[in-house]
Amino acid sequence: MIVFLSGGAKNGKTALAEDIAVKLSGDGRRFYVATMIPYDDEDRARIARHVEERAEKGFGTLEIPRNIASAADPENGGSDATFLVDSVTALLLNEMYPGTFDAEADPAAAERCRDGLLRLAKKAKNAVFVSDYLYSDAIRYDTFTENYRRNLASLDRALAAVSDTVIEMTAGIPVCRKGRMP
Amino acid sequence: MDFIIGGAYQGKLDCAKKRYSLTEGEIYTCTEADGIAFGARCIDRLEEFTLWCVRNDRDAVAIMKENRASWQDSVLICQDIFCGVVPMGADMRAWREATGRLANYLAAEADSVTRVFCGIEEKLK
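One line per chain: the protein sequences are A and B, in this order. Residue numbering for the first sequence follows numbering that gives the first Met the number 0, beginning at 0 and increasing consecutively. Residue numbering for the second sequence follows numbering that gives the first Met the number 0, beginning at 0 and increasing consecutively.
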């Protein structure tokens with residue numbers, strides 16, 4: 000089963016995604032696919048805490064900041080596992096800016112990302128994708144940010160189209176926009 | 000009139016094209032530079048029209064009311080720009096306010112209101 004989850008920040012998306020992944024995986028193996036690249040000690044300390052908390056819920060952690068389809072490779076999770084990809088937002092950023100952020104964005108990144116996400120969705124037994132909804136504010140962004148936002152929306156829509164369930168979170172409350180709550 | 004609203008890049012125009020079998024020639028796209036023109040079967044990017052209104056000191060709702068006959072059977076599309084932090088710039092605050100007032104007016108006048116989220120349509124009215 001494929002689940003896509005989006006909504007504003009600090010909304011409980013990850014907590015709900017974990018609950019869903021636990022439910023979908025049952026007795027099977029489950030992996031938290033971390034896409035964020037830690038930049039400082041504060042990041043690393045927070046990540047270590049999260050890894051520990053998730054281990055108690057039976058999650059292995061895979062750190063895959065790029066080439067997301069590799070999560071289901073035999074040396075990583077394998078295709079019979081359940082994957083929680085958190086988040087599509089960070090994955091796209093890493094693919095668009097493989098070096099530093101002041102370099103030009105890789106124009107092929109969005110398509111590569113979409114391809115990888117759809118391959119993982121097809122290969123994995125279960126997958127839960129978490130993204131961020133950043134499309135409803137009154138700001139005229141610079142070209143770089145606008146380009147990123149357009150690309151992220153294209154990934155969101157591609158994932159929503161192949162998902163069995165699409166959930167929008169508002170104030171910690173999940174609303175099913177497609178399918179039903181697992 | 001059918002009113003479609005949703006965040007940026009969510010598939011509002013795709014939804015309109017599919018549902019009303021619109022051709023490219025039937026779609027008018029508002030711009031910050033030129034504002035709006037009436038007569039098309041579908042008017043897209045009303046948030047660009049409201050920005051034109053802010054820049055030119057015009058009232059978007061008043062302009063729509065004056066031209067009601069020309070859009071009352073149309074499909075109107077507006078971006079939802081209402082969920083962010085209060086913008087720092089006065090012109091962006093005015094833009095958000097003008098767009099909100101226009102969206103409320105049009106939603107009240109509309110026969111149907113649809114919200115598009117990640118390409119998924121939701122009927123609000």
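Positions of the beta carbon are idealized from the N, C-alpha and C atoms, including for glycine. Small disclaimer: the values here were computed from a predicted structure and weren't measured.
Practice prompt. Count the CB pairs spanning the stretch 157-166 of chain A and the stretch 81-92 of chain B that are closer than 8 Å, and state whether there are at least three.
Written response: no
Practice prompt. Kindly indicate which three-state DSSP category A/M0 falls into: helix, strand or coil?
Written response: coil
Worksheet item: What runs of the alpha helix (DSSP H), each 4 residues or longer, lie entirely inside the stretch 38-92 of chain A?
Response: 40-55
Item to complete: Might you give, ordered along the chain, the residues of its own chain that have their beta carbon closer than 8 Å to the beta carbon of A/Y134, omitting 5 neighbours on each side?
Response: R148, A152
Item to complete: Starting from the Cα of A/R139, find the closest Cα among B/A7, B/M0, B/C52 and give me that residue.
Response: B/A7
Worksheet item: Got a sec? Which residues, its chain only, sit under 8 Å from B/A61 by beta carbon, not counting five neighbours each side?
Response: none
Fill in: Residues from the stretch 163-177 of chain A in contact with chain B, defined by Cβ distance under 7 Å
V165, E167, R176, K177
Item to complete: Assign A/M180 to buried or exposed, taking buried as 16 or more other Cβ atoms, counted over all protein chains shown, within 10 Å of its Cβ.
Response: exposed
Discussion item. Less than 8 Å between the C-beta atoms of A/I166 and A/R176, yes or no?
Written reply: yes
Practice prompt. Count the C-beta pairs between the stretch 11-21 of chain A and the stretch 80-90 of chain A that are closer than 8 Å, then say yes if the count reaches three, no if not.
Written response: yes
Worksheet item: What are the boundary residues of the alpha helix (DSSP H) that includes A/A160?
Response: 142-161
Discussion item. On the criterion of 16 or more Cβ atoms from any shown chain inside 10 Å, does B/K11 qualify as buried, or is it exposed?
Written reply: buried
Worksheet entry | B/G5 - containing beta strand (DSSP E), residue span | 1-5
Item to complete: Under 6 Å Cβ to Cβ from B/E121, same chain only, skipping five residues before and after it: list those, please.
Response: R114
Discussion item. If I measure Cβ to Cβ from B/G38 and keep anything under 7 Å in the same chain, skipping five residues before and after, which residues do I get?
Written reply: S69
Fill in: CA-to-CA distance, B/E25 to B/D72, given in whole angstroms
13 Å
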